[in-house]
Structure formats: structure tokens, C-alpha cells
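Numbering (this note's numbering), first residue to last: 28 to 186. Working notes, structure below.
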Amino acid sequence: MKTISIVLIAALVLLVACSNSGPTGDVVLDDGDTKLTSDGSGKVVMENDEAKVTVEGDDEDAKITIESDDGDQVIEAKSGTDSWCSEGAEWSSSGSEGDAQMVIVGIVDSGKYKDYCHVTYDFDSAGGQGNMDMYFNEEGNGYQVMEVNGQKFESEWSE
């Protein structure tokens, strides 16, 4: 439950950071339990007894750092083009419980997944290593091909 609370707080901080187009000086909100600071440069810091969350970046590149007694977590994101399948967009996370990375490869131009958007997801945790390739179209139909600890699984979904 504590981890969920920290992630929800991080999402709130990210929302505030993305909508922060106000003053260029320090903005401080302090309700006694939580302190929120923004220096106007795109960096927002939220601190309370459970965690310190720092959000830095802009519409194209963002970094969220969560520091808590449970360990630190760093999440980074980079946007691609404005296409529905933004080639080059990526997201990564690293922390005490493992690492993960998701990358949009782009539109597949031949084979079974022709005209589908290809996304790779790789993870490494105490439970094992794995990777997943997702292929989906604009209508919401897709395939998921996953390899976990040497075993391969494929599934299909449709809108």
C-alpha cells in the first residue's frame, strides 16, 4: 500500500509539474505534512515523511526520482514524434526491486505484424529476466509476444 501511495503522489507531482507555467521564483505549498516546491525551471520537489519525489523535465524529456525508506526509484521518459506510434519514444525505470525499459520501435513494414506499432519491454528483477514485444494497431487490436526465463508465450487481443 505504501508503494501505491508513493506512486500516486509521484503522479500528482508530475501533473503539477506539467501544468506549472506560472511564476519563475520558488513556489512553495506546505500543509504541515507535505511540502511542494517548484523553482520555475521545470523542477518540482515534493517531500513528506514517507518519500521525497523530484520531477524534472519538459514535454519531451522527463525524470522522476522517488527516494524512500523502501529504496530509490528513478523513472525516465523521452517522447518521440507526434505520431500515434512515436518511434524512439522510451520509458525506463531502475530501483532496488529491478529495472525495466520500454521503447517504441515503430511501424512494422512486413510479415505477420505488418502495419502494427512495435513496442519492446525488457525487465530484470529478483523474480527473473524477461522481454515482451507488443504489436498493436490504431483500432486497438494487437499481439503480445513474451519471453520469461527462457520460455516464449504469444497472445492476441482485439478491441
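For glycine and all other residues, C-beta sits at the position ideal for the given N, C-alpha and C. It should be emphasised that the depicted structure is a prediction, and the values quoted were computed from it without experimental measurement.
**Study point:** the stretch 155-163 in contact with the stretch 140-147 per 3-pair CB rule at 8 Å
**Key:** In this structure the stretch 155-163 touches the stretch 140-147; the number of beta carbon pairs closer than 8 Å is three or more.
Point to revise | Between the CA atoms of V175 and I93 - distance to the nearest angstrom | key: Taking the sequence shown and counting its residues from 1, one reaches residue 93 at position 66. Taking the sequence shown and counting its residues from 1, one reaches residue 175 at position 148. So the alpha carbons of these two residues sit roughly 28 Å apart.
Practice item. Classify L56 as buried or exposed, calling it buried when 16 or more other Cβ atoms lie within 10 Å of its own Cβ. Key: Counting from one through the sequence shown, the residue named residue 56 turns up at place 29. So L56 ends up on the exposed side.
Check your understanding: Since E157 sits in a beta bridge, which residues does DSSP pair it with?
Key -> As a first step, residue 157 is located in the sequence shown; it is residue number 130 there, counting from the start. It should be pointed out that residue 157 corresponds to Gly in this sequence rather than to Glu. DSSP output for G157 lists F150 and V175 as bridge partner(s).
Check your understanding: Do D151 and G125 have their C-beta atoms closer together than 8 Å?
Key -> Here residue 151 corresponds to residue number 124 of the sequence shown, with the count starting at 1. Here residue 125 corresponds to residue number 98 of the sequence shown, with the count starting at 1. In this structure, G125 lies closer than 8 Å to D151 by Cβ.
Review point. Apart from the five residues just before and just after S48, which ones in its own chain have a Cβ nearer than 6 Å to its Cβ?
Key: Reading the sequence shown from its first residue, position 21 is the one you call residue 48. Per-residue confidence for S48 stands at a pLDDT of 42, beneath the threshold of 50, marking its modelled position as unreliable; the derived number appears in the next sentence. So no residue of the chain qualifies.
Exercise for review: Taking S123 as the reference, give the member of D66, A153, G157 and T81 with the closest Cα.
Suggested key: Here residue 123 refers to the residue found at position 96 of the sequence shown. Minimum Cα distance to S123 is reached at A153.
Exercise for review: Identify, in the order they occur along the chain, each residue of the same chain with its Cβ nearer than 6 Å to the Cβ of W118, setting aside the five sequence neighbours on each side.
Suggested key: Taking the sequence shown and counting its residues from 1, the one referred to as residue 118 is at position 91. Cβ within range, chain order: A104 and M129.
Review point. Is DSSP giving K90 helix, strand or coil here?
Key: Walking along the sequence shown from the start, residue 90 turns up at place 63. For K90, the secondary structure class from DSSP, reduced to helix, strand or coil, is strand.
Practice item. Output the distance between the C-alpha atoms of E186 and Q171, rounded to the nearest integer angstrom. Key: Position 159 of the sequence shown, counting from 1, holds the residue named residue 186. Position 144 of the sequence shown, counting from 1, holds the residue named residue 171. Straight-line Cα distance between these residues: approximately 14 Å.
Exercise for review: Run the CB neighbour count on S68, radius 10 Å, all protein chains shown included, and call it buried at 16 or more, exposed below.
Suggested key: By 1-based counting over the sequence shown, the position of residue 68 is 41. By the Cβ neighbour-count rule, S68 is exposed, with fewer than 16 other Cβ atoms within 10 Å of its own.
Check your understanding: Relative to the ligand FMN, is the shortest distance from any of its heavy atoms to the C-beta of G138 smaller than 7 Å?
Key -> Among the ligands in the structure shown, none appear at all, so the ligand FMN cannot be discussed.
**Study point:** Per-residue DSSP class, three states only, for G169
**Key:** Residue 169 sits at position 142 when you count from the first residue of the sequence shown. Collapsing the DSSP output to three states places G169 in a strand.
Review point. Among residues of its own chain, excluding the 5 on either side of N75, which ones have a beta-carbon nearer than 6 Å to its beta-carbon?
Key: Numbered from 1 along the sequence shown, position 48 holds the residue referred to as residue 75. Cβ neighbours of N75 within its own chain (closer than 6 Å, five residues either side excluded): D60 and T61.
Review point. Mapping DSSP to helix, strand and coil, what is V135?
Key: The count along the sequence shown starts at 1 and reaches residue 135 at position 108. Coil.
Practice item. Could you tell me the boundaries of the beta strand (DSSP E) in which K79 lies? Key: By 1-based counting over the sequence shown, the position of residue 79 is 52. K79 -> beta strand (DSSP E) spans A78 to G84.
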